Amino acid sequence: MDDGLDTIHYAPESDWICISSKGQGIRKGLQELLNTGDLLRMLILRHLKIRFAQTAMGAFWVVLQPLMTALIFSVLFGVFVKVPSDGLPYVAFAYPGMALWTLFAQGFDRGSTSLVLEERLITKVYFPRLVIPLSATLSAIADFIISTLLIFPLALIFGVSLSWRLPLFLIAVPPILFLAIAMGILTAALSVRYRDLRQVAPFITQLWFYATPVVFSLKVVPEGLKKAVLWNPTGAPVLLFRSAFFGTPMPPMWSIASSYLISLLLLTLAVTVFRKVERGMADWL
Numbered sequence: 154m155d156d157g158l159d160t161i162h163y164a165p166e167s168d169w170i171c172i173s174s175k176g177q178g179i180r181k182g183l184q185e186l187l188n189t190g191d192l193l194r195m196l197i198l199r200h201l202k203i204r205f206a207q208t209a210m211g212a213f214w215v216v217l218q219p220l221m222t223a224l225i226f227s228v229l230f231g232v233f234v235k236v237p238s239d240g241l242p243y244v245a246f247a248y249p250g251m252a253l254w255t256l257f258a259q260g261f262d263r264g265s266t267s268l269v270l271e272e273r274l275i276t277k278v279y280f281p282r283l284v285i286p287l288s289a290t291l292s293a294i295a296d297f298i299i300s301t302l303l304i305f306p307l308a309l310i311f312g313v314s315l316s317w318r319l320p321l322f323l324i325a326v327p328p329i330l331f332l333a334i335a336m337g338i339l340t341a342a343l344s345v346r347y348r349d350l351r352q353v354a355p356f357i358t359q360l361w362f363y364a365t366p367v368v369f370s371l372k373v374v375p376e377g378l379k380k381a382v383l384w385n386p387t388g389a390p391v392l393l394f395r396s397a398f399f400g401t402p403m404p405p406m407w408s409i410a411s412s413y414l415i416s417l418l419l420l421t422l423a424v425t426v427f428r429k430v431e432r433g434m435a436d437w438l
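Put into structure tokens, the structure is as follows:
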């Protein structure tokens, strides 16, 4: 199979599919994804079935990671260091940020390793390769929904009232998801040629975590560094997500706008790089 034939054109009025060797841009790539929606859904469901197959406690594992992490940080920062938690019990303060951060971390991780893991599929049949890292990243949404629902019983347990800003959590999620998709696609594309990048991705995620106000309040950040934290594309969404549930201080509007802008720019860059790497992908794998 000639992997240089990397562009596919669908003819809705017929059963023929024409594959061209001419390079195409992002617009054509998005068109391909729209025309392969069934394949994308199938791969997402496949990821979910593999994840929950032969597990004794099923979806419980989804909430265990952010919850246990929040409890550990509650002991470290809430009991020993006594980090301010904006008037909330520390577990209630940390958990919403952990739930949203886990969406980014899991989406990034799954997307970054997806192409190498699907080597056999890629080298045997043609389809838009972008579907693979995209489906791997989007499969993390199911985990995120389940872990987010746990916020409501946590609020009851700790006697915390939900905020009237609750609908704003819908604004906090997209930039995190765009960023996870972008980082997953970019790392996956480069990992095809440079396999050691798969080892770098968890390290990047760990450093990024401590630069994001997930387990600490913006109040403890020195004035000179607050803008740097807010320019971090994961910073404002985490603050907004927590504020939407429990009424903690909201980030400035400019920081939310910058999160959207940066995540979309990175997504555009990632897709552009992916399209360039895609033509020789089967040979490198």
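Residue numbers (my numbering): 154 to 438. Using N, Cα and C, we set each Cβ at its ideal position, and we do this for glycine too. These numbers come from a predicted model, not from an experiment.
Taking residue i as the reference, give the member of the options with the closest Cα.
i: residue 404; options: 325, 274, 257; result: 325
i: residue 292; options: 223, 334, 340, 236; result: 334
i: residue 320; options: 275, 395, 272; result: 395
i: residue 427; options: 274, 336, 194, 356; result: 336
i: residue 400; options: 246, 350, 346; result: 246
Let me know the secondary structure DSSP gives residue i once reduced to three states.
i: residue 242; result: coil
i: residue 345; result: helix
i: residue 230; result: helix
i: residue 279; result: coil
i: residue 267; result: helix
i: residue 366; result: coil
i: residue 292; result: coil
i: residue 235; result: coil
i: residue 204; result: helix
Applying the criterion that 16 or more other CB atoms from any shown protein chain within 10 Å of the CB defines a buried residue, is residue i buried or exposed?
i: residue 266; result: buried
i: residue 388; result: buried
i: residue 191; result: exposed
i: residue 364; result: exposed
i: residue 352; result: exposed
i: residue 220; result: buried
i: residue 271; result: buried
From residue i to residue j, what distance separates their C-alpha atoms?
i: residue 385; j: residue 342; result: 24 angstroms
i: residue 124; j: residue 382; result: Shown here, the chain extends from 154 to 438; a query on residue 124 therefore has no answer.
i: residue 288; j: residue 298; result: 16 angstroms
i: residue 417; j: residue 332; result: 7 angstroms
i: residue 242; j: residue 204; result: 32 angstroms
i: residue 393; j: residue 322; result: 7 angstroms
i: residue 249; j: residue 197; result: 25 angstroms
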